[in-house]
Amino acid sequence: MITTDILIIGAGPTGLFAVFEAGLLKLKCHIIDALPQPGGQLTELYPKKPIFDIPGFPSINAGALVDNLMEQIKQFQPGFTLGETAQTLKKLEDGTFEVITNKGTVHHAKAVAIAGGLGTFEPRKPALDNLADYEENGVEYFIKEPEHFRNKKVVIAGGGDSALDWSIFLTDIASDVTLIHRRNEFRGALDSVEKVQALKDQGKIHMVTPAEVRGLKGDGKLTAITVEKDGEIYDLETDYFIPLFGLTPKLGDIANWGLEIEKNAIVVNNALDYQTNIPGVYAIGDVNTYPGKLKLILCGFHEATLMCQSVYNMLNPGKKFVLKYTTVSGIDGFDGSRKEAEKAVVKKID
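Counting along the sequence shown from 1, when you hit position 339 you're at 339 in UniProt numbering, and nothing is skipped either side.
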């Protein structure tokens with residue numbers, strides 16, 4: 001049995017940062033994640049995707065952000081159960097929790113923080129008859145290695161942040177980048193929209209709006225897509241078609257834990273500490289919902305911080321915690337010496 005103060009379900013950026021905040025409070029953490037390595041979507045789906053809204057970093061690749069977070073929490077020696085999913089949750093008579101994975105690994109914790117991002121997920125696919133014929137033969141739903149598209153013709157479809165960010169990023173890699181969206185307006189960040197417009201004006205991006213992809217062509221390998229714009233239908237040569245329409249989230253077994261669910265997200269009390277309807281169980285990051293919720297990494301960091309403070313107060317009733325800036329107190333004193341911190345090893349359980 002694995003025992004810990006806070007059991008975190010999800011090793012994405014929010015879950016990883018929660019380890020740091022808990023460590024400052026001398027609370028131990030253990031993380032469960034279905035993927036074989038930490039990082040969540042950032043590692044699995046787009047490790048080279050640039051992220052522009054992390055404080056202090058004008059731009060940082062998703063994979064680099066995960067590496068930095070792992071380095072930051074190393075000193076607090078969290079445990080990891082990787083390649084397993086949290087299957088059952090049971091609240092024990094003493095108020096603690098037992099969580100068992102699909103592989104039978106038993107975890108015992110004083111508090112549980114669900115940081116599962118979008119949960120399990122699959123890409124939203126366009127309704128094209130022969131789409132499956134070209135999957136991995138010219139149709140891609142994620143960009144894990146941008147160099148794969150070096151000197152290739154790429155068509156991206158979508159109107160959100162991912163479509164905009166990748167269109168911008170690939171202009172320096174692909175020989176030709178075309179962005180197609182069914183409306184003239186985009187849902188992504190205004191700054192990204194302005195960058196795409198500037199690249200269009202420079203002739204570095206071809207923007208086709210309002211338009212939709214109606215078909216795919218090629219003999220075993222994609223060579224062209226069929227586009228409809230203003231009632232006109234024509235073929236556009238390309239090597240790759242990348243529809244970025246978002247992900248369809250699924251909570252999986254977590255949905256059966258008796259939590260209050262709204263539109264596939266866990267309802268929390270955002271006025272206090274992001275606790276769910278089950279006392280001692282929290283939900284932080286993209287997996288939760290509340291009035292005014294924003295699905296941003298930096299918001300997840302904020303939620304993780306308040307969650308850890310709440311757990312500390314719950315486990316130490318009547319004990320006043322004096323919050324100090326780390327610029328004053330440092331971090332060595334929270335979890336042993338610097339020398340011990342440097343020896344910290346993150347345990348991977350296969």
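Even for Gly, the Cβ is constructed at its ideal location relative to N, Cα and C. Note that the structure is a prediction, hence the values are computed from the model and not measured.
Buried or exposed by the 16-neighbour rule on C-beta atoms within 10 Å, applied to residue i
i: His-148; result: exposed
i: Glu-84; result: buried
i: Ala-109; result: buried
i: Asn-130; result: exposed
i: Lys-49; result: buried
i: Val-106; result: exposed
i: Ser-175; result: exposed
i: Pro-47; result: buried
i: Tyr-234; result: exposed
i: Leu-179; result: buried
i: Leu-92; result: exposed
i: Gln-75; result: buried
i: Met-307; result: buried
Paired residues, beta bridge with residue i - DSSP
i: Gly-215; result: Thr-226
i: Met-207; result: Leu-179
i: Glu-237; result: Ala-224
i: Ile-8; result: Ile-31 and Ala-113
i: Phe-97; result: Lys-91 and Ala-109
i: residue 416; result: The structure shown does not extend to residue 416, since the chain is modelled only from 1 to 350, so the question has no answer here.
i: Ile-143; result: Beta-bridge pairing links Ile-143 to no other residue.
i: Glu-232; result: Lys-229
i: Thr-3; result: His-108
Nonlocal neighbours in the same chain, by C-beta distance under 8 Å from residue i, ignoring five residues either side
i: Phe-301; result: Pro-13, Thr-14 and Phe-17
i: Ser-337; result: Because Ser-337 carries a pLDDT of 36, less than 50, the predicted location of this residue cannot be relied on, and no value is offered for it.
i: Thr-43; result: Leu-35, Gln-37, Ala-62, Gly-63 and Val-66
i: Met-1; result: Val-106, His-107 and His-108
Endpoints, the beta strand (DSSP E) within which residue i is located
i: Ala-283; result: 281 to 283
i: Pro-86; result: It is Ala, not Pro, that sits at residue 86 in the sequence shown. From DSSP, the beta strand (DSSP E) with Ala-86 extends over 86 to 91.
i: Ile-266; result: 265 to 267
i: Ile-156; result: 153 to 157
i: Leu-82; result: 79 to 82
Boundaries of the alpha helix (DSSP H) in which residue i is found, first to last residue
i: Ala-22; result: 13 to 24
i: Thr-43; result: 41 to 44
i: Leu-131; result: 131 to 134
i: Gln-37; result: That residue, Gln-37, is in no alpha helix (DSSP H); it is neither H nor E in DSSP.
i: Leu-190; result: 190 to 201
i: Trp-257; result: Neither: Trp-257 is in no alpha helix (DSSP H) and is coded neither H nor E.
Close beta carbons around residue i, own chain, < 7 Å, minus the five adjacent residues each side
i: Gly-95; result: Gly-280
i: Ile-54; result: Ile-60, Leu-65, Ile-297 and Leu-298
i: Gly-262; result: As written in the sequence, residue 262 is Glu, which differs from the Gly given in the question. Answer for Glu-262: Thr-289, listed in chain order.
Same chain, Cβ closer than 6 Å to residue i, neighbours up to 5 away in sequence not counted
i: Gly-39; result: Val-66
i: Ala-34; result: Thr-85
i: Ile-254; result: none
i: Val-193; result: Phe-186
Any non-hydrogen atom of the ligand GTP within 7 Å of residue i CB
i: Thr-209; result: The ligand content of the structure shown is nil, which means the ligand GTP is not present either.
Can you check the stretch 269 to 312 for any beta strand (DSSP E) of at least 3 residues that lies completely inside it and give the ranges in chain order?
Every unbroken stretch of the beta strand (DSSP E) spanning 3 or more residues and falling wholly within the stretch 269 to 312 is given here in chain order: 281 to 283.
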